[in-house]
Structures are given as structure tokens and as C-alpha cells.
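K.L.:
Shown below is the structure under consideration.
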């Protein structure tokens, strides 16, 4: 019995900890604030149970959330009681459920042979289900994947929170009842009694979506069973169901576990909580169920449920002993006082709900009490400079602090970029704890490029940009000068694709014609032969083996091994290979094309392949998100970018949410309270010092400044605990070094650098005329302009492009017939022209048929719209040409119409297919060199606006227009795909100042092109396929 374990010495524990350890009988709730030693309490309690009762180690079940938590608890227990620690069941909740399914397999026969569903399968299953005609709302025609992320998140939430389809059905009925009580039509104005109110319409749509979610849930579960898969969340539900159905299994587990311990209790969801209560229910209100939690640190919970578990627990066990740990072993007192007063702004907290506990913490450390530092900056660059400077001063001199004792905690992963950039400039070592995505690693990207090339050979759809990018890989050994000369083959040899040109029978002769070096030619031919061999090998070898062959034979692996960042790249490659193997196991016959489709899905739905933690404490400033910092501690903590919409009042947009009756509170209030808890967690990581900062203006990635308001959280922190730092010098420093600070990021290197390379490009530039597409491409990405417009590397023809070109061709023929004879093409002839042109593009048959059906319908509508009243054009497909301050410019317009023949005023018309711009799209626009990369519609409107202004500038110089003493006064975009059977035209009335601005923009861009300025403007996070060419 009880003598086999040595009594544990409890003298190091404080009074509250000791009470928690020694209260062995009955339910116990421990409210454990940050740094109060909860792992200590849990492990000492287990040791005390073993030494003071006759409980066997395997009758104790201790559960926590993460493998890291399991490891920490077991390590500490091992230090206390030795090898017996390995017999105590310390596990994650999923680990426990998995063990139950394995050990008691006779109760889970329906799950035999089932495997866990991976993220890609989950998306594919969903896409397949949504193809069904039943999903009118969840799979809209124009955006069939729109709801997938939110739909999967919703299903996951339902399973986690134990929301059964029946509960959802009941909630939908409530929403339907609410609809009956709503006013349907507007009650005022001219539309009174006729127009349906927006609120009513929204509610009808919401209910329709919920009903489809119910159907989807059913289809989804059926498909999982058919494919022998289970969801991560299903594991708990399956065990719960088995426990509820089988009294024998329930009795076995309930009798086995005499002591239950649950860590991080505030983060348990309803399904996990129900499992815990089921395991303990045999003992009724006297169950030995010990839970440790802190509602103020609930940052991983479902909306509105931060206090719910603890309140449910006290409802279930009204006689539970509640012990609050108030001695803190981490932070100095002012950190504790400031963070406590701050978190008390939350209304949904245990202290307020219970009214019987006091969570004020007392510091039990020797760290001096110092106020929290706050700093306000004029610009974000100054804030980053301050952080870097402060770190350098902390780590210099006599009392040199270690870099790894300093943390920078940010709100989102993307917030690290600008700070990391500054740390790099200041040569400060740092460790980015982002669980980086292996798919973003340069070497993984290069391997994927090779896979894509080999796959495309079989389809005859080689993308030349891809080929050029690969030929730039340094380990292939092709000199860049030779690659630039190769680029001349497009304009000079009039070839369609580079692959055909080099892989064709005349390759030996053709390559020589371009003046390529002997060594370069040998390397090129060697590579092309390798690619052909890889292609034939890919039919014999499984996917994983094929990837290994590509990595070895291309020279990529040797290149990685010789790189100074080899550990980082190898880790990314290893993580990538682990994922590939897992995919290959679930689909043994997976071909490279299927694999690439899976990778494309990962990128489309932002599914990262998380790089494995290398398990080494790397020396450097620890930079991570506040969420990732949970459970960690640092001497010095910086919390930057504390502005509104970043840390509070975030705009959380979801296309699909659960009915409000299933969520505990109003979403807005709850989101704010959760944000407040997150900042509380961040502040309480600090042992000694906290630096809170924000700026008035931040530069967005695409160059535009964004003015922000400071976070309301700064005002909620008690003034007496804060000290404002004087930081004016950083504003001055930034102004002095603004060019250097705003200059190119480290990745922004120049592509063309040798004299010979410049000569090749200069010879192409000397023959180049600037057109609107070239201008927009240069402004958006100079590398895109260089590769696409100067070297003219063709990009693959897409279905929308083929459709647009065919439609343009049909319209050109139609208006030519109108202009020449006033006897236009018939509708049938009009559609025939479209179909004939469409056949000239390399499209899949199914794709071509779909496009033809769409075109046939839209062209017929267009024809009917104008039948008998076709505008007679002055010109069709007119080429405008001019010279502006030395800049040769040109533009081809689809049509020129007279507005007023007497005044000789003209309108240039450009046809556009696809979705029309909104009515106010051109409202506030001026010619601009900046495109908003976060807002596709805005960027599109800016490109179109620039294009129409460019036409005006070149039209004013055009010989035909000036010799006819006419003037173009309007630019028109005519959207030829109707919306609700209506055709939309968007017109720009030209303004003098806009025209002058456009001239200036054209001249500036022309001069940059003449100076051969083609910098990379996109970093790795932008995923720009042009900026990646030649990057190493």
C-alpha cells in the first residue's frame, strides 16, 4: 500500500498551494492566475495522492491540452517521484480518447480501419458535396468555394461545443419564428409597402444558409463513413457516444480512474467537459475531480464561453472546494497590479459571477517594482527603431542581458515582418516563433517548381515563366547573361514557347544563333535532357521517391547543404516530406498532378505545412504572437502596434456563423473581452519590464500610409502604473534616415547587375514603346514588366482570357460590319465568330464547351440590346501613337465613337468581360502608381482608370485625331457580360489635372525603364511569381 512511495516534502509550497495539494477528497477548483505555479500544484498533488493513499499510479488520470503541457508535467513529476511518473496517465484529451478506442476496440467496431481526415481531404470532400444542386446559397455560381473555410470552421465548432444537428434545427426554428415577427416591407417613402426591407431579406438568406448547413452536416458525416475517415473532433464524440450507450465500458473507466485532474480548464470545450463529467459521474457530487484554470487567460475558447465551463463545474459540484492561488513567482508587483486593474474591465469574469473570490496577486520575487513603459511614435518605423535600440542597450555593457530573455509579442504573424526587417538591419539575432509554413521556404518552392515543370511536359502546357524561373536556379549553372539572350528569342525568332524552341529538333542550331556561350549551351541541353528523363521516370516511381530524385539530381540538395541557412531549409524540407508521405499514405496512387492540386488547395485555403520545432533553444530575441506566448515567461516584454482594430475592435468578418441563440453573448462584446484577455496574457509574461508602444501612422505593404487610433486598452491601464517614455529623438532619427529605412527590404535586390546583362536589356528597351498594360505592370511590379513586357515571356492562356479575347474578336467583326455597310452581322454570324476564335485556344473540351455556352447566352443578349440601333463607330481597333517628352507611347482602343459631330468630341471605348465595377468605382480616383493589393476591386479600378487616362494622353498626340481637329473627351469601359440582363457602362470625364498627372507618371516610368530600374518590390509573403525569378 501506501508505504511504497516516499512521503513528499511539501515545505516549499505556500499555504494555498499546500491546501490544493492536501485536499484529496471531493471536487476541487483551483483558480490559478499567471505565474502562480499551477504545474507545481498538479504534480505535487499526484505525488501526494500516491504517498498518502493506496491509489495505483494508473488510477490517476491527468489531462492537459498540448503535448508540451504533458511533457512539462511528466518531467516535473519525474523529478519528484522518479520512474513511477511514467505509470501515471498524463495525456492530452485526444491522446486519452485514442487510447480508449485502441484498448476497448470491441466497443468501436464501426471505426475499425478508419483513419484521421487531413485538411486537404476535408476541403476536397466539401467541394464534392457542394457540387450537389441542393446548395444554392453555400455554393453560389460565381464563387463556389466562398463558404468553404467558414463552413468547415462551423462544423468543427458544432462538434467541439457538442451542438448536435437537433440543437441546430431547434435554433433555426427560433430564427424562423423571429422572421414572422419582423416587418417585411419598408414603411416610409415612395417604396412604402412595395420594397422588402434589407433586414428582412438578410434574415431570409440566413435561414436558408442554416438549412443548407444542416443538410451539409448530414452529407459530410455520410461521406466520412463511406471513405473510412474521421474528423479530429469526432474522436471525443465517438468515445462519448460509446460511454453513453455501453454501461459496461462506462463502469470500467469510471472505476479505473479514482482521481481526475484537468489543467487549463478554462479552455475546455463542451464536448471535452461532458467527457470529464461522464468519467466522474459514478462518484456523484463527491467525485475526486480536480480542475485548474483561470478565466482571465481563456484565449482559445468558443465565443461567449470564457466562464461557462467553470460555472458549469460549480453547478455540477456545488460543494466543491474553491482555492485561489494568489502568490505569483514570476512578475514584479507593478506588472501584477496594472494587469489586474486592466482585466477587471471585463464583465464576464469569475470574480464578478461568483462574487466570493479575490484574484489579486502578490509578487513573490526579488524583481524591483517598476512601472510599465509606454511610448507613442509618429511613425511605425520610429517604433521599430526604438525597439531595436532598446534591445541593443539592454544587451550591452556590464549587466549584459541575454537576447533570449527578451520577447516581442505581436497580434498576428504578419505583424512580425517590419520588426524583423529592423532587427536584421541592426544585426540583432532573433528567433521567429511562427511555426513557419514550409511552403514559404525558398528551397521547398524550388522543388515544387521542378515538380510542376515535369508534370506540365505531359500536357503540352509548359508555362514559360515557370521555365525561366527554374533556369535561374544557381545550381543548374546557366549564366544569367545567356538567359537574357535566350529571352530575345521571343521577339527575334517569333516563337510560341521557350520549351518548344529549345526542346525542338533544331535546338543545337537555334541556341547558337542567339550568341549563347558554349558552357551555357551545354548546361541548358543537359538540363532539358534531365527533365525528359524525369518525366518518363515519374510514371514508374511513387511520389515520395520522385521528389527525392528531383532533389538529388537537380543539384538542389547539394545547394541546400552548402547554404549558410541549411538547418532552416532542411527543417522545412523535412516537414514538407513528412506531409507528402502522409498524403501518399492516404492516396497511395497519388500522381504528381494530384499532389500539385493538393498544394494549390493548401495555398488557396491558407493551410500551412507547419515546420517542426527544431527543439533547440535558439539564441536570439524571441518574436511571436501573443497567442503563442501562453505558458512562457521572459524578463523583458515588448508589445508593439497597440492600436485600435489591431488589438481591440477588430473587424471579424465571417460569411457564415451559428444562430445567435447558440452563442452565449453578443459577438462584439465577447470579441472585445477576448482581446482584453489576450493582452492580459501578453503583459503577464513579463518578469521585470513591459514596453507598450504604438504609432500614429503605419506604412502599409503597398506603400500607402495608414493613420490609426491608439487602442482603448492603453487608456484602461491604470495611469499610476505607467511611465511615458520620451521618444522624440526616434522621430528625428527616422526623418534623417528615412531613405535608408524605407529603402528596399533585404529581399529587394536588383535582378540585372552586370554590364553585359545591361547591354542585352538595353537593346530590347531601345525598341520598346510604352502602352497602358506595360505602364500598369511596371507600377505594380517592375519584375513583371521586365519578364512579361520586355522579355515577353508568355504566361499560360487562362479560360477567362480566352473567353475575353474571343468576345473582343466577335465585337470587332460586328462593328466593322456596322461601319462599312450599315448591314451588321446576323446574331448567328456574331456568335459563330466567337466560337471560331475560341477554338484556337488550348483549352480542355469541357472548359471550351462551358465558355461557349456562356458566350452564346451573353452575345445573344448583347445583340438584342442593340439590334436596330448599333452605334456607328468612327474607328474600330484603332492604334493610337504618339511621343511625349521623348517617351514613345501607344495604345490600341476597341472603338472610337462620336459624342458630338459638330464639336468633333470623341469617346474611346474599351470592352471588358467579367464583373462590372461598382457605380462609384472611379469616384475618388486619380492617376496612381500604387495598387491596393489587399483590395482586388480597388486595384482593378485603379488599373482601368490609369488605362483610360493613358488613352487620353496618347489620343491628344495621335496623328489621325489631331489631323481631324477632333478631341477625345471621355473614356468608357463597356462591360459586355450582363448583370441581371443589364449591360453596364462606366465613363470617365477627363479632367485637366488628371491628364497632367498621367503625363508625369508616364514620363517618370519611361525614364526608370530607360535607366533599367527593375527592382524586386515583393517579399516572400506576397507570393509574386515574377519577383521569385533569379532569387536565391
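Numbering (the working numbering), first residue to last: 1 to 1032. We put the beta carbon where it would ideally sit given N, CA and C, even for glycine. These figures come from a predicted structure and were not determined experimentally.
Sort 682, 769, 157 by Cα distance to residue 1038 and report the nearest one.
P.N.:
The first residue shown for the chain is 1 and the last is 1032, placing residue 1038 beyond what the model contains.
K.L.:
Restricting to Cα atoms, I'd like to know which of 659, 431, 610, 1018 is closest to residue 619.
P.N.:
Counted from its first residue, the chain shown places residue 619 at position 619. Comparing Cα-Cα distances from residue 619 to each of 659, 431, 610, 1018, the minimum goes to 431.
K.L.:
My assumption, with CB atoms under 8 Å, is that residue 387 sits in contact with residue 640. Please give the rounded CB distance.
P.N.:
Within the chain shown, the letter at position 387 stands for residue 387. Within the chain shown, the letter at position 640 stands for residue 640. Their Cβ separation, rounded to whole angstroms, is 6 Å, which keeps residue 387 and residue 640 in contact under 8 Å.
K.L.:
Using a Cβ-Cβ cut-off of 6 Å (strictly less than) and excluding sequence neighbours within five positions of residue 321, which residues of its own chain qualify?
P.N.:
Taking the chain shown and counting its residues from 1, one reaches residue 321 at position 321. Closer than 6 Å at Cβ, skipping near neighbours: 23, 28.
K.L.:
For residue 293, name the three-state secondary structure that DSSP assigns.
P.N.:
Taking the chain shown and counting its residues from 1, the one referred to as residue 293 is at position 293. Note: residue 293 maps to strand in three-state DSSP.
K.L.:
Can you say whether residue 964 is buried or exposed, counting buried as having 16 or more other CB atoms within 10 angstroms of its CB?
P.N.:
In the chain shown, counting from the first residue as 1, residue 964 sits at position 964. The residue in question, residue 964, is exposed, as its Cβ has fewer than 16 Cβ neighbours within 10 Å.
K.L.:
Span of the alpha helix (DSSP H) holding residue 1044?
P.N.:
The requested residue 1044 is not part of the displayed model; the chain covers only 1 to 1032.
K.L.:
What is the DSSP secondary structure of residue 785, counted as helix, strand or coil?
P.N.:
For the purposes of this step, residue 785 is taken as residue 785 along the chain shown, with counting starting at 1. Helix.
K.L.:
Taking 9 Å as the threshold (C-beta atoms), are residue 969 and residue 961 in contact?
P.N.:
By one-based count along the chain shown, residue 961 stands at place 961. By one-based count along the chain shown, residue 969 stands at place 969. No, these two residues do not count as a Cβ contact at 9 Å.
K.L.:
Which of the three DSSP states, helix, strand or coil, is assigned to residue 1009?
P.N.:
As a position in the chain shown, residue 1009 is number 1009, starting the count at 1. It is helical.
K.L.:
May I ask you to check if the CB of residue 884 is nearer than 8 Å to at least one heavy atom of the ligand NAD?
P.N.:
The ligand content of the structure shown is nil, which means the ligand NAD is not present either.
K.L.:
Quick one: is residue 13 buried, meaning 16 or more other Cβ sit within 10 Å of its Cβ, or exposed?
P.N.:
Sequence index remark: in the chain shown, residue 13 carries index 13 (1-based). That one is buried.
K.L.:
In whole angstroms, what is the alpha-carbon distance linking residue 344 and residue 352?
P.N.:
Position 344 of the chain shown, counting from 1, holds the residue named residue 344. Position 352 of the chain shown, counting from 1, holds the residue named residue 352. The alpha-carbon atoms of residue 344 and residue 352 are separated by roughly 9 Å.
K.L.:
Which residue's Cα is closest to the Cα of residue 907: 800, 529, 878?
P.N.:
Start at 1 with the first residue of the chain shown, and residue 907 comes out as number 907. Looking at the Cα atoms, 878 is the closest of the given residues.
K.L.:
Which residue's Cα is closest to the Cα of residue 554: 684, 534, 571, 1022?
P.N.:
Position 554 of the chain shown, counting from 1, holds the residue named residue 554. It is 534 whose Cα lies nearest to the Cα of residue 554.
K.L.:
Run through DSSP, which three-state label would residue 621 get?
P.N.:
Sequence index remark: in the chain shown, residue 621 carries index 621 (1-based). DSSP places residue 621 in strand when its eight states are reduced to three.
K.L.:
Determine the closest residue to residue 294 out of 348, 276, 974, 654, with distance taken between C-alpha atoms.
P.N.:
The sequence position of residue 294 within the chain shown is 294, counting from 1. Considering only alpha carbons, the answer is 348.
K.L.:
If you reduce the DSSP assignment to three classes, tell me which class residue 269 lands in.
P.N.:
Counting from 1 along the chain shown, the entry for residue 269 is found at position 269. DSSP places residue 269 in coil when its eight states are reduced to three.
K.L.:
According to the Cβ coordinates, are residue 732 and residue 884 closer than 9 Å?
P.N.:
For the purposes of this step, residue 732 is taken as the residue at position 732 of the chain shown. For the purposes of this step, residue 884 is taken as the residue at position 884 of the chain shown. Going by C-beta atoms, residue 732 is not nearer than 9 Å to residue 884.
K.L.:
Just confirm the distance between the C-beta atoms of residue 155 and residue 179, as a whole number of angstroms; I'd bet it's less than 8 Å.
P.N.:
Residue mapping note: residue 155 aligns to position 155 of the chain shown, counting from 1. Residue mapping note: residue 179 aligns to position 179 of the chain shown, counting from 1. Residue 155 to residue 179, Cβ: 24 Å. No contact.
K.L.:
Considering only residues of the same chain and omitting the five flanking positions on each side of residue 836, which have a CB-CB separation below 7 Å?
P.N.:
For the purposes of this step, residue 836 is identified with residue 836 of the chain shown, where counting begins at 1. Contacts found: none.
K.L.:
So does the stretch 28-46 actually touch the stretch 260-267, counting three or more Cβ pairs closer than 8 Å?
P.N.:
Touching, per the Cβ criterion.
K.L.:
Please list, in chain order, all residues of the same chain as residue 744 whose beta carbon is under 7 Å from its beta carbon, the five residues on each side excluded.
P.N.:
Within the chain shown, residue 744 is the residue found at index 744, counting from 1. Unreliable positioning characterises residue 744 in this predicted model, as indicated by a pLDDT of 43, which lies under 50. The coordinate reading is nonetheless provided below. Counting only Cβ-Cβ distances below 7 Å, and skipping sequence neighbours, we find 1015.
K.L.:
Classify residue 808 as buried or exposed, calling it buried when 16 or more other Cβ atoms lie within 10 Å of its own Cβ.
P.N.:
For this step, residue 808 is matched to residue 808 along the chain shown. That one is buried.
K.L.:
So the candidates are 96, 938, 812, 230; which of them puts its Cα closest to the Cα of residue 110?
P.N.:
For the purposes of this step, residue 110 is taken as residue 110 along the chain shown, with counting starting at 1. Selected option, being the one with the closest Cα: 230.
K.L.:
How is residue 991 classed by DSSP in three states: helix, strand or coil?
P.N.:
Numbered from 1 along the chain shown, position 991 holds the residue referred to as residue 991. Residue 991: coil per DSSP, three-state reduction.
K.L.:
Shortest alpha-carbon distance to residue 854 belongs to which of 899, 425, 802?
P.N.:
Residue numbering aside, residue 854 sits at position 854 when the chain shown is read from its first letter. Closest by alpha carbon: 802.
K.L.:
When you compare only the Cα positions, how much space is there between residue 172 and residue 151?
P.N.:
Residue mapping note: residue 172 aligns to position 172 of the chain shown, counting from 1. Residue mapping note: residue 151 aligns to position 151 of the chain shown, counting from 1. In a straight line, the C-alpha of residue 172 is about 16 Å away from that of residue 151.
K.L.:
Our contact map puts residue 897 next to residue 909 with C-beta atoms below 8 Å; I'd like the distance itself, whole angstroms only.
P.N.:
Position 897 of the chain shown, counted from the start, is the residue given in the question as residue 897. Position 909 of the chain shown, counted from the start, is the residue given in the question as residue 909. Contact flag correct, Cβ pair sits at about 6 Å.
K.L.:
For residue 52, which three-state DSSP category applies?
P.N.:
In the chain shown, counting from the first residue as 1, residue 52 sits at position 52. In the structure shown, residue 52 sits in a helix (DSSP, three-state: H, G or I).
K.L.:
Compare the beta carbon distance of residue 580 and residue 547 with 9 Å and say whether it is the shorter of the two.
P.N.:
Counted from its first residue, the chain shown places residue 580 at position 580. Counted from its first residue, the chain shown places residue 547 at position 547. Taking 9 Å as the Cβ cut-off, residue 580 and residue 547 qualify as a contacting pair.
K.L.:
Label residue 936 either buried or exposed according to how many other C-beta atoms from any shown protein chain fall within 10 Å of its C-beta, with 16 as the threshold for buried.
P.N.:
Within the chain shown, residue 936 is the residue found at index 936, counting from 1. With fewer than 16 Cβ atoms within 10 Å of its Cβ, residue 936 is classed as exposed.
K.L.:
Return the residue from the list 684, 422, 1028 that minimises the CA-CA distance to residue 33.
P.N.:
Here residue 33 is taken as the residue at index 33 of the chain shown, counted from 1. Out of 684, 422, 1028, 684 has the C-alpha closest to the C-alpha of residue 33.
K.L.:
Quick check on DSSP: helix, strand or coil for residue 298?
P.N.:
In the chain shown, residue 298 corresponds to position 298, counting from 1. Of the three classes helix, strand and coil, the one that applies to residue 298 here is coil, per DSSP.
K.L.:
Should residue 268 be labelled buried (16 or more other beta-carbon atoms within 10 Å of its own) or exposed?
P.N.:
Walking along the chain shown from the start, residue 268 turns up at place 268. Buried, by the Cβ-count rule.
K.L.:
So what does DSSP say about residue 203, is it helix, strand or coil?
P.N.:
Within the chain shown, numbered from 1, the residue matching residue 203 stands at position 203. Three-state result, residue 203: helix.
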